[in-house]
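Q: Everything in the sequence shown is counted per the working numbering, starting at 155 for the first residue and increasing by one.
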Amino acid sequence: FYIVSLGVGLVVLVAGLMRQDRNSSHYGYKAGLIVIVACTVLLPFFFYEAVRPSMVLRMDDDFVFGNVQEMRQPVRLLDKVEYWDSLPEIKRRLGGSSLLWANKGLFEVAGVGRCHLYLDTRNAGCCYLHFRNGVRVFCNYPDSSRTRSLHRSLQSYLE
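#1: With TYR311 as the anchor, note down where its alpha helix (DSSP H) starts and where it stops.
#2: Cβ of VAL166 within 7 angstroms of any heavy atom in the ligand ATP?
#3: Thinking C-alpha only, which one of TYR295, VAL166 and ARG286 is nearest LEU241?
#4: Bridge partners of ALA256, per DSSP?
#5: Could you tell me the alpha carbon to alpha carbon distance between ASP215 and SER307, rounded to whole angstroms?
#6: Should PRO207 be labelled buried (16 or more other beta-carbon atoms within 10 Å of its own) or exposed?
#7: Relative to the C-alpha of PHE219, which residue among ASN257, VAL162 and ARG286 is closest?
#8: Residues bridged to ILE244 by DSSP?
#9: Assuming ARG286 is part of the beta strand (DSSP E), what are its boundary residues?
#10: Is THR301 buried or exposed, if buried means 16 or more other CB atoms sit within 10 Å of its CB?
#11: Alpha carbon to alpha carbon, how far is SER252 from ASN287? Give it in angstroms, no decimals.
#12: Are there 16 or more other CB atoms within 10 angstroms of the CB of VAL235, so buried, or fewer, so exposed?
#13: With CYS281 and TYR311 assumed to form a contact (beta carbons below 8 angstroms), what rounded beta-carbon distance in angstroms separates them?
#14: In the DSSP assignment, what are the bridge partners of TYR237?
#15: Nearest to GLU203 by alpha carbon, out of TRP255, VAL229 and HIS305?
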């Protein structure tokens, strides 16, 4: 997205400079400059959001997974919680992002199928949540003790 935006901005900028007339308002130049500046300013924010650890929160009657790309699932639909000592094997990304150590969004996982991942690959352990509506979620925190604590609290909820 960013490369395309910068490319479009550069094309508009160059085209505006090539057809620049001393008596015109320099619209092409200004539009290209605005696109480039906007992309440059927003790029660090989107990069930070892509690699920031995802949170798992319980808000009212829902679990909320993620940050900007959040997903909600009703608490009452939680069916099974497992702790995995290793991260799942990702076959392909179906929608979402996979940047540096963060995998967020919809992925196809070997042996499980379509799943929502909110994983930090710096931690090998993760929680696997299965909901009655067929939604499956893998989530973890960068700190393994927080991941284990999350698993214990979810397991105690089911009991």
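From the three backbone atoms N, C-alpha and C, an ideal C-beta is built for every residue, glycine too. Computed from a prediction, not measured in an experiment: that's the story for all the values here.
A: Quick answer:
#1: 298 to 312
#2: Ligands displayed in this structure: none; no statement on the ligand ATP is therefore possible.
#3: TYR295
#4: LEU253 and ASP274
#5: 15 angstroms
#6: buried
#7: ASN257
#8: VAL263
#9: Element bounds for ARG286: n/a, residue is neither H nor E.
#10: buried
#11: 26 angstroms
#12: buried
#13: Wrong, their Cβ atoms sit about 12 angstroms apart, outside the cutoff.
#14: CYS281
#15: TRP255
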